[in-house]
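Here is the structure we will look at.
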Amino acid sequence: MPEKLHANLQPMFDAVLARNPGESEFHQAVYEVMLSLTPIAGHRPEYAQWSILKRICEPERQIIFRVPWVTDAGEVQINRGFRVEFNSALGPYKGGLRFHPSVNLSIIKFLGFEQTFKNSLTGMPIGGGKGGSDFDPKGRSEGEIMRFCQSFMTELYRHIGEYTDVPAGDIGVGGRELGYLFGQYKRIVNRWEAGVLTGKGLSWGGSRVRTEATGYGTVFFARDMLAEVGESLDGKRVVVSGSGNVAIYAVEKIHQLGGTVIACSDSSGFVVDEHGLDLDLLKDVKEVRRERLSVYADERGPSARFVPAGSGGEGSSGSGDGGAGIWAVPCDVALPCATQNELPAAGAKALVKNGVRLVAEGANMPTTPDAVAILREAGVLYAPGKASNAGGVATSALEMQQNASRDSWGFEETEARLEEIMGAIHRTCVETADRYGHPGDYVVGANLAGYMKVADAMVAQGVI
Ligand code: GLU
-12 MPEKLHANLQ
-2 PMFDAVLARN
8 PGESEFHQAV
18 YEVMLSLTPI
28 AGHRPEYAQW
38 SILKRICEPE
48 RQIIFRVPWV
58 TDAGEVQINR
68 GFRVEFNSAL
78 GPYKGGLRFH
88 PSVNLSIIKF
98 LGFEQTFKNS
108 LTGMPIGGGK
118 GGSDFDPKGR
128 SEGEIMRFCQ
138 SFMTELYRHI
148 GEYTDVPAGD
158 IGVGGRELGY
168 LFGQYKRIVN
178 RWEAGVLTGK
188 GLSWGGSRVR
198 TEATGYGTVF
208 FARDMLAEVG
218 ESLDGKRVVV
228 SGSGNVAIYA
238 VEKIHQLGGT
248 VIACSDSSGF
258 VVDEHGLDLD
268 LLKDVKEVRR
278 ERLSVYADER
288 GPSARFVPAG
298 SGGEGSSGSG
308 DGGAGIWAVP
318 CDVALPCATQ
328 NELPAAGAKA
338 LVKNGVRLVA
348 EGANMPTTPD
358 AVAILREAGV
368 LYAPGKASNA
378 GGVATSALEM
388 QQNASRDSWG
398 FEETEARLEE
408 IMGAIHRTCV
418 ETADRYGHPG
428 DYVVGANLAG
438 YMKVADAMVA
448 QGVI
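Residue numbering for the sequence shown follows my numbering, beginning at -12 and increasing consecutively.
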């Protein structure tokens, strides 16, 4: 980790390291929050006490289970399922499910930890949790995906509920998977409980704008950051990493607000399209056909070129990017919307060298601590995901509200609420950073505001 923690906090961080050996992503998420507690570690010691930090860093409940299922060829497969119910001080546990081969306890714990403070920042009554499996949906048939989801829910159902724990999607879990998960839940409990999951389809209890919410929200947040310094997205060149749900709707909103997205990526590489990405083609390739990005480049014509992963990125054209990948594409605004630790120091250096103005995270913890330090040092406007990508879970909370009142709102009304929530999170970050002597520092603002609200509620509810 690039910086030492405050003397009051370092021993507590060392204890977290010793108690959770080998969980590097979880360590990183805890470190980032503890680093932001520095401004209050001296003069608001009630928030930096071990009694509260120790509890905040220990999930309330961690569930690990076997997920057996049978392939189309008749082979038995065993995956590992997780649900980490991290913190319920502010409401029922809330957070997505991730299906990806990299999933392990460290990753689910980091995501659940971050989710707790993100959900706090939204101002909605939701606690923090996260789950998923090391299942790899890539290359699996419809039948296999359905059987896996049904087996996963056959264990998960006993742990979730409208007032207990409300899962949603994340990487590898979209509308299709949520449909299979909801169907199996309903079948087991024999009740139509819309409030048990969010991200549902529109005809069966879902909310308008939930699909678009994380990407749209990230762009609203970036727009508000620029407005704070008298700038706008109009005419800006934007690079968005990823090409999943978050990235696609970030591209859509950037284009609506006058910017041009000139690059995006997937695990096979990235595409640069100097005319601006063709969103209809991108949606068709990624969402409908579930194809690689090279297919986009092939069908788009001469304005687009595909750079395969591991080819040295832009270096393949002779310049040598030293591992910067998509971040070597010159831009004004960069939105990492793929996955954790996808923007390393080399990427941050390339962005700074090319004069980037703003980085806002659409993914969870995509920027490594070294890269964050480089961006902040260079005076780049930088928003951590727990603030800038909170629009997804905030709209999940709006879905819960609609389910509870058996109501369904229109698109414009729901989008207006999302925009208002992102504006409020932005204000909270700015005001908190100002109050604690770090003007313009969104990391300090987001972490402090998110943390203090959870800590206050925990103190009020006693040692539980
Ligand atoms: N997985 C999303 C996140 O990281 C959304 C969670 C939800 O809607 O519950 O915030």
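Don't be surprised by glycine CBs; every beta carbon is placed ideally from N, CA and C.
| query | result |
| --- | --- |
| contact_flag[the region 324 to 334, the region 347 to 360] where n(CB pairs < 8 angstroms) is 3 or more | yes |
| Inter-residue CB distance, Ala237 and Val227 (contact presumed, cutoff 8 angstroms) | 5 angstroms |
| Near the ligand GLU: Lys125 beta-carbon under 7 angstroms from a heavy atom | no |
| Host alpha helix (DSSP H) of Ala335 (start-end) | 332 to 340 |
| Inter-residue spacing [alpha-carbon to alpha-carbon] between Ser304 and Glu261 | Here Ser304 scores only 39 on pLDDT, less than 50, and its place in the model should not be relied on; the value that follows carries that caveat. Approximately 16 angstroms between the Cα atoms of the pair. |
| Endpoints, the beta strand (DSSP E) within which Ile249 is located | 247 to 253 |
| Proximity test, Gln452 beta-carbon vs the ligand GLU heavy atom, cut-off 7 angstroms | Since the first and last residues shown for the chain are -12 and 451, residue 452 lies out of range. |
| Paired residues, beta bridge with Trp56 - DSSP | Gln64 |
| First and last residue of the uninterrupted alpha helix (DSSP H) at Asp443 | 429 to 447 |
| Three-pair Cβ contact test at 8 angstroms for the region 69 to 84 versus the region 112 to 126 | yes |
| 3 or more residues per run - each beta strand (DSSP E) lying fully within the region 167 to 227 | none |
| Spatial distance of Val282 from Gly349 (CA atoms) | 24 angstroms |
| Closest residue to Gly288 among Lys(-9), Leu264, Arg197, Arg195 (Cα-Cα distance) | Leu264 |
| Chain-order list of residues whose beta-carbon lies under 6 angstroms from that of Gly246 (same chain, five-residue window excluded) | Leu220, Lys223, Val225 |
| Segments assigned beta strand (DSSP E), at least 3 residues, entirely inside the region 69 to 130 | 80 to 86, 115 to 120 |
| Member of Ser38, Ser11, Ser298 whose CA lies at the smallest distance from the CA of Val450 | Ser38 |
| Residue environment, Gly432, which counts as buried when at least 16 other CB atoms sit within 10 Å | buried |
| Under the three-state DSSP convention, the category Pro295 falls into | strand |
| Cβ separation of Arg138 and Trp56, assumed to be a contact under 8 angstroms, to the nearest whole Å | Looking at the sequence itself, residue 138 is Ser, so the reference to Arg does not match. With 8 angstroms as the limit, Ser138 and Trp56 qualify as a contact, their Cβ atoms being about 5 angstroms apart. |
| Cβ-based burial, Glu301 [other Cβ within 10 Å; buried from 16] | Low confidence applies to Glu301: its pLDDT is 47, below 50, so where it sits in the model is not reliable, and the reading given next is rough at best. With 16 or more other Cβ atoms within 10 Å, it is buried. |
| First and last residue of the uninterrupted beta strand (DSSP E) at Leu345 | 345 to 347 |
| Ala321 - partner residues in DSSP beta bridges | Val226, Val346 |
| Span separating the alpha-carbon of Leu435 from that of Gln15 | 17 angstroms |
| Cβ pair Ala333, Gly309 closer than 8 angstroms | yes |
| Contact test: Ser383 Cβ vs the ligand GLU heavy atom, cutoff 7 angstroms | yes |
| The region 374 to 383 in contact with the region 191 to 199 per 3-pair CB rule at 8 angstroms | yes |
| Integer Cβ distance of Gly186 from Ala155, believed to fall under 8 angstroms | 4 angstroms |
| Asn351 to Ala374 span [Cα, whole Å] | 10 angstroms |
| Contact between the region 19 to 35 and the region 334 to 341 (3+ Cβ pairs under 8 angstroms) | no |
| Member of Ser298, Leu266, Val275 whose CA lies at the smallest distance from the CA of Ala291 | Leu266 |
| Nearest-angstrom Cβ-Cβ length linking Val71 and Ile43, presumed shorter than 8 angstroms | Their Cβ separation, rounded to whole angstroms, is 14 angstroms, which puts Val71 and Ile43 out of contact at 8 angstroms. |
| Pro26 - containing alpha helix (DSSP H), residue span | 25 to 28 |
| Helix, strand or coil at Tyr369 according to DSSP, with G and I counted as helix | strand |
| Per DSSP, cross-strand counterpart(s) of Gln327 | In DSSP, Gln327 forms no bridge with anything. |
| Extent of the continuous alpha helix (DSSP H) to which Ala155 belongs | Per DSSP, Ala155 belongs to no alpha helix (DSSP H); it is in the beta strand (DSSP E), 152 to 155. |
| Asn376 Cβ short of 7 angstroms to the ligand GLU heavy atom set | yes |
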